[in-house]
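Residue numbers (the numbering used here): 4 to 458.
Note that the Cβ used here is the ideal one computed from N, Cα and C, for glycine as well.
Note that the structure is predicted; figures quoted are calculated from it, not measured.
Only one structure is covered here, and it is reproduced in the block below.
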Amino acid sequence: MSLLSWSKSALPTFSRGGIHPDEHKELTENLPIEDFIPTSVSLPVSQSLGPSAEPLVVKAAKVKRGDVIATVPGGGVSLHAPVSGIIKNVQTGPHASLVYDTVITIQAKPGEDDPQFPEQAGWQALPVAQMLERIRDAGVVGLGGAAFPTYRKLTLPKDAKVDTLVINGSECEPYLTCDYRLMLEESEKVVLGSWLISKIIGVKNCVIGVEDNKQPAAEKMRQTIAELGLDKMDPPVKMTVVVTQTRYPQGSEKQLVQSLTGRLVPKGGLPMHVGIVVQNVATAIACLEAIRNGKPVLERVLTVSGLGIKTPKNLRVPIGTSVEDLLAYCGGYSGEVVKILLGGPMMGRTIADLGVSVTKGSSGLLFLTAAETSITRYQPCISCGECIDACPMGLEPNRVSQYMEAGRPLETEQFGIRECFECGCCSWSCPSHRPLVQFMQVAKAAYRRHERKAK
Ligand code: SF4
Ligand code: SF4
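Below is the structure:
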């Protein structure tokens, strides 16, 4: 039986591992997206997977909204000024995952003649190569968190046999509701962006996956698809919405592909190897705006939440908005905050510096109190096997942690660490509070260092 034919009482899902953390989405799911523009923005030049961009601007230079301010030599994902203003500094500053990076700070001075990026004529009929160029020039990356350059993901090898586009509306991380709000408030953009991506990769079938805790979004998407009549456009695309079980990590690519199509991505492979390309809903909107309006990625929608912030919100903010400005805009701390995370609680990065800024991949900013997060000292492994049961990739994080504690990181490949995508299910399940995902990260970093040295 195909997974798609399961009844509502047994909604489609992936077959192995996974967890059900508390959702906490009620804090923000009914809050419409608000705009917030700070007085200055600080943009780290490392915003996507691959080489960092190099600054093209110097202190005191004037920039207009949308100007390229940093680029990767030889082609790559550029960074654009999200606001018009004056370059205040180009210097070393904090970065959520790299600790430090080159950061370009702009003092905002909005003007009446700032580019607004209206719709351009004939965008639906542009040749595919030109659409890809626009996506590259707009600096579009995966906005679900991965930040992989989108033009590279959509430039398929000649021998690729792809038949389906999967649009990821799962938003399985607890607390985060920004994709949910985009599906409710900007469903037309999500659908048109998905149609354009289908056209670029040459498929006639598009499946939008939404977890069953977001039924209103699924309904809204279905309604919009029917209104826009995509099956009558050139080319026609059959777009369907499939509601999946709410189960973390439903939104990770391999799990979502299995849930929606029943296809299993092979070890070390990509969804493309089973005929599928996956894009997130916010990325679909960014692709539409790049092609239809020539608009670069200047801002993003993110969720500011947690019991440690006074007024949780869904916000559209310029890239480079600081955590400090967001904290102030959302009313400051509420209670004793023990952890601040950029991203979701499962895969986000803990930050220690309020000067860290929102990058293109930042989908959330969480202020967590002791009631919401574990800060207990970790204990020895009791061999309960919970982490193995929870791992969606069938790995042995307990064994990896034991080898790491024994100082033997280069003997951990046998436990499948290269397949680990750092979802955090193992750490969440461990009764001994062992930082299993961190052990995985350090083991993978040890292999990367070892391989670099061997070259
Ligand atoms: S973080 Fe890695 S090892 Fe842990 S559950 Fe996820 S995939 Fe498995
Ligand atoms: S869940 Fe924790 S205690 Fe249990 S086997 Fe895994 S590492 Fe050991």
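query = If you check the beta carbons only, do Pro97 and Asp356 fall under 8 angstroms apart?
reply = yes
query = Is it buried or exposed for Pro412, if we count other Cβ within 10 angstroms and need 16 for buried?
reply = Buried, because 16 or more other Cβ atoms sit within 10 Å of the Cβ of Pro412.
task = Out of Val326, Arg295, Leu301, point me to the one whose CA is closest to Ser308's CA.
result = Val326
key: Candidates Gln382, Ala457, Glu414: closest to Leu439 by CA position   = Gln382
message = Just to be sure I understand the criterion: a residue counts if its Cβ is closer than 7 angstroms to at least one heavy atom of ligand 2. Which residues meet that?
response = Answer in sequence order: Cys384, Ile385, Ser386, Cys387, Gly388, Glu389, Cys390, Ile391, Pro400, Asn401, Ser404, Cys429, Ser432, Cys433, Pro434, Ser435, Arg437, Leu439.
key: Closest Cα partner of Thr372 within the set Glu174, Ala229, Lys313, Ile40   = Lys313
task = Compute the minimum distance between the beta carbon of Ala393 and the heavy atoms of ligand 1, and state whether it is under 7 angstroms.
result = In this structure, Ala393 has its beta carbon less than 7 angstroms from a heavy atom of ligand 1.
message = Quick test of your reading: Leu233 and Ile203, contact by CB under 8 angstroms. State the CB separation rounded to the nearest angstrom.
response = Not really, about 15 angstroms apart at Cβ, beyond 8 angstroms.
request  = Tell me, please, which residues DSSP counts as bridged to Phe370.
outcome  = Ile343
query = Distance, Cα to Cα, Ser43 vs Thr249?
reply = Taking the Cα positions, Ser43 is about 38 angstroms away from Thr249.
query = CB of Met134 to nearest heavy atom of ligand 1: below 7 angstroms?
reply = no
key: Euclidean distance between Cα positions of Ala111 and Leu301   = 13 angstroms
inquiry  = I need the straight-line Cα distance from Lys447 to Ile420, nearest angstrom please.
reply    = Distance between the alpha carbons of Lys447 and Ile420: 7 angstroms.
Beta-bridge pairing of Thr460 - partner residues as DSSP gives them = Any property of residue 460 remains undetermined from this structure, which presents the chain solely from 4 to 458.
key: Cβ distance (whole Å) where Phe151 is taken to contact Ser255 below 8 angstroms   = Not confirmed; about 13 angstroms, so no contact.
ask   = At what residues does the beta strand (DSSP E) containing Ile107 begin and finish?
value = 102 to 111
query = When the Cα atoms are used, what is the spatial distance from Lys67 to Ile228?
reply = 36 angstroms
inquiry  = Helix, strand or coil, according to DSSP, for Ala73 in the structure here?
reply    = strand
request  = Please name the residue or residues paired with Asp38 in a DSSP beta bridge.
outcome  = Arg319
ask   = Which of helix, strand or coil does DSSP assign to Ile90?
value = strand
query = When DSSP builds the beta bridges, which residues end up paired with Arg303?
reply = Val320
task = Go ahead and label Ser201 buried or exposed: buried means 16 or more other beta carbons lie within 10 angstroms of its beta carbon, across all protein chains shown.
result = buried
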